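In this note's numbering, the protein residues as written are 54 to 183.
We put the beta carbon where it would ideally sit given N, CA and C, even for glycine.
Since this is a predicted model, take the numbers as computed values, not measurements.
Below is one structure, written out as structure tokens; the observations come after it.
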């Protein structure tokens, strides 16, 4: 097992930021129908527009749970635009292992949930202003 696999197993067994926030600016749930993995993420931004807190719950394989833990941990302190700029290459670099197409969907599920949450937050802010 290489260092990346050890880190993934550590994040799977002890996910960081596990548990949804009680006070949040966004909440999003994404589901992968092909394997049944599910990720729910909540987050709160500070007055400067940086992600201040994030919490998540996930059911699924090692890849989806561990990637969620790593991704959400790395997203703290980032702006909406910085998070929205993340892509599949960013996720693959973060987890440090190569994945086939099926496992890539598992790894991207947390990113999809996070981005969908940010988009829904943006829609809510836009509605408040208009």
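- Simplified DSSP assignment, three categories, for residue 69: By 1-based counting over the chain shown, the position of residue 69 is 16. In the structure shown, residue 69 sits in coil (DSSP, three-state: anything other than H, G, I, E or B).
- residue 119: first and last residue of the uninterrupted alpha helix (DSSP H) it sits in: In the chain shown, residue 119 corresponds to position 66, counting from 1. Per DSSP, residue 119 belongs to the alpha helix (DSSP H) from 115 to 128.
- Message: Measuring straight from C-alpha to C-alpha, what distance separates residue 114 and residue 83?
- Response: Here residue 114 is taken as the residue at index 61 of the chain shown, counted from 1. Here residue 83 is taken as the residue at index 30 of the chain shown, counted from 1. Their backbone Cα atoms lie some 14 Å apart in a straight line.
- Message: Please state whether the Cβ-Cβ distance between residue 162 and residue 90 is less than 8 Å.
- Response: Sequence index remark: in the chain shown, residue 162 carries index 109 (1-based). Sequence index remark: in the chain shown, residue 90 carries index 37 (1-based). For residue 162 and residue 90, yes; Cβs fall inside 8 Å.
- Task: Along the alpha helix (DSSP H) that carries residue 143, what are the first and last residues, could you check?
- Result: The residue labelled residue 143 in the question sits at position 90 within the chain shown. First-last of the alpha helix (DSSP H) with residue 143: 141 to 148.
- Item | residue 174, buried or exposed, once every other Cβ within 10 Å from all chains shown has been counted against 16 | Mapped onto the chain shown, residue 174 falls at position 121. Flag for residue 174 reads buried.
- Message: For the segment 141 to 148 against the segment 101 to 110, do three or more pairs of beta-carbon atoms, one drawn from each stretch, fall closer than 8 Å, so that the two count as touching?
- Response: no
- Query: Taking just the CA atoms, how far does residue 58 sit from residue 136?
  - Reply: By 1-based counting over the chain shown, the position of residue 136 is 83. By 1-based counting over the chain shown, the position of residue 58 is 5. Straight through space, the alpha carbons of residue 58 and residue 136 are spaced by roughly 24 Å.
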